[in-house]
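Reading through the structure tokens given below for one structure.
Protein chains: 2
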Amino acid sequence: MTTRNLTQDAGTCPVQGLLKLLSGKWKPEIFRLAVEAPLRFSGLLRQIHGSNRQTLSLALKELEEIGLLEKVVIKPKPLHIEYHLTEKGRALVPVFLQLETIL
Amino acid sequence: MTTRNLTQDAGTCPVQGLLKLLSGKWKPEIFRLAVEAPLRFSGLLRQIHGSNRQTLSLALKELEEIGLLEKVVIKPKPLHIEYHLTEKGRALVPVFLQLETIL
DNA sequence: CCTGGTGGTCATAAATTTCTGACTTATTGC
DNA sequence: GCAATAAGTCAGAAATTTATGACCACCAGG
Chain A
1 MTTRNLTQDA
11 GTCPVQGLLK
21 LLSGKWKPEI
31 FRLAVEAPLR
41 FSGLLRQIHG
51 SNRQTLSLAL
61 KELEEIGLLE
71 KVVIKPKPLH
81 IEYHLTEKGR
91 ALVPVFLQLE
101 TIL
Chain B
1 MTTRNLTQDA
11 GTCPVQGLLK
21 LLSGKWKPEI
31 FRLAVEAPLR
41 FSGLLRQIHG
51 SNRQTLSLAL
61 KELEEIGLLE
71 KVVIKPKPLH
81 IEYHLTEKGR
91 ALVPVFLQLE
101 TIL
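Chains as they are written, first to last, in the UniProt record's numbering: chain A, 1 to 103; chain B, 1 to 103.
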């Protein structure tokens with residue numbers, strides 16, 4: 001249980017960036033919903049009260065970029081898109097559960 | 001490895017609040033330094049380039065409130081204060097290390 | 001007595017994030 | 001043809017976070 005790995009390059013905190021990616025007003029909530037079932041843009045808008053298109057759109061993009069969600073075109077004709085949790089995303093679940101037990 | 005615990009009360013994400021407490025521009029960096037050694041206010045100001053009194057002061061208060069740091073008066077006469085990592089804080093280290101391996 | 005360090009607070013300014021409302025392209029149902 | 005849904009984008013406003021500079025009280029050294 002060394003803490004050396006936490007102290008890589010002088011002056012920069014690796015966790016700082018990670019947390020930044022995971023924070024943002026709606027990202028944790030989006031992530032949680034994605035753990036339960038695939039997401040659709042319009043569905044999120046209805047499920048997450050107080051949220052808005054703009055921010056959700058950005059959050060989905062960012063979660064995709066980190067590799068936690070994957071954008072899947074189910075049908076292009078009557079446009080149907082779904083956001084699926086990736087392997088990486090599933091790997092994050094136990095970490096979050098552990099976080100809850102500590103704090 | 002159920003995800004039920006992540007889905008407590010409808011509409012609220014437990015992790016959302018936790019991440020909010022851990023995020024903030026300098027909190028992760030402060031935490032990391034605290035893992036290495038006890039902190040002093042003026043020391044932080046020198047170590048963390050680009051930070052400022054106000055924000056550090058607030059961050060320390062918040063980290064104290066969550067219970068990750070403890071404010072210790074070493075000497076009152078020539079005022080000497082230190083912020084020590086708590087048990088809870090130490091418990092967080094492996095979680096952060098796990099986070100790094102995933103993302 | 002003057003300068004410098006420690007440990008802050010306070011009001012305000014600047015920067016960043018989030019929200020609002022309008023608008024887009026394409027498809028289905030009536 | 002008209003309205004509705006899906007999945008967004010865009011510009012600008014509002015809210016939240018972070019930074020700046022001034023200021024306080026206390027102690028120590030020269």
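We treat Cβ as the ideally placed atom computed from N, Cα and C, and that holds for glycine.
Can you confirm whether residue i, when its beta carbon is compared against all beta carbons of chain B, has any partner nearer than 7 Å?
| i | result |
| --- | --- |
| arginine 90 of chain A | no |
| arginine 32 of chain A | yes |
| glutamate 100 of chain A | yes |
Taking C-alpha atoms, which residue in the options lies nearest to residue i?
| i | options | result |
| --- | --- | --- |
| lysine 27 of chain A | A:Thr12, A:Leu79 and A:Glu64 | A:Glu64 |
| lysine 88 of chain B | B:Glu70, B:Glu36 and B:Arg53 | B:Glu70 |
| valine 35 of chain B | B:Leu85, B:Gly24 and B:Gln54 | B:Leu85 |
Which word fits residue i, buried or exposed, when buried means at least 16 other C-beta atoms lie within 10 angstroms of its C-beta?
| i | result |
| --- | --- |
| proline 76 of chain A | exposed |
| arginine 32 of chain A | buried |
| glycine 50 of chain A | exposed |
| leucine 79 of chain B | exposed |
Do the CB positions of residue i and residue j come within less than 7 Å of each other?
| i | j | result |
| --- | --- | --- |
| leucine 92 of chain B | leucine 18 of chain A | no |
| valine 73 of chain A | isoleucine 66 of chain A | no |
| proline 14 of chain B | glutamate 100 of chain A | yes |
| valine 95 of chain B | glutamine 16 of chain A | no |
| leucine 68 of chain A | leucine 56 of chain A | no |
Does the CB of residue i have a neighbour CB from chain A at under 7 Å?
| i | result |
| --- | --- |
| serine 42 of chain B | no |
| leucine 18 of chain B | yes |
| leucine 22 of chain B | yes |
| glutamate 29 of chain B | yes |
| threonine 3 of chain B | Note that threonine 3 of chain B has pLDDT 46, beneath the 50 cutoff, so the model's placement of it is unreliable and the number below is only indicative. Cβ-Cβ to chain A under 7 Å: yes for threonine 3 of chain B. |
Apart from the five residues just before and just after residue i, which ones in its own chain have a Cβ nearer than 7 Å to its Cβ?
| i | result |
| --- | --- |
| glutamate 29 of chain A | Ile48 |
| leucine 58 of chain A | none |
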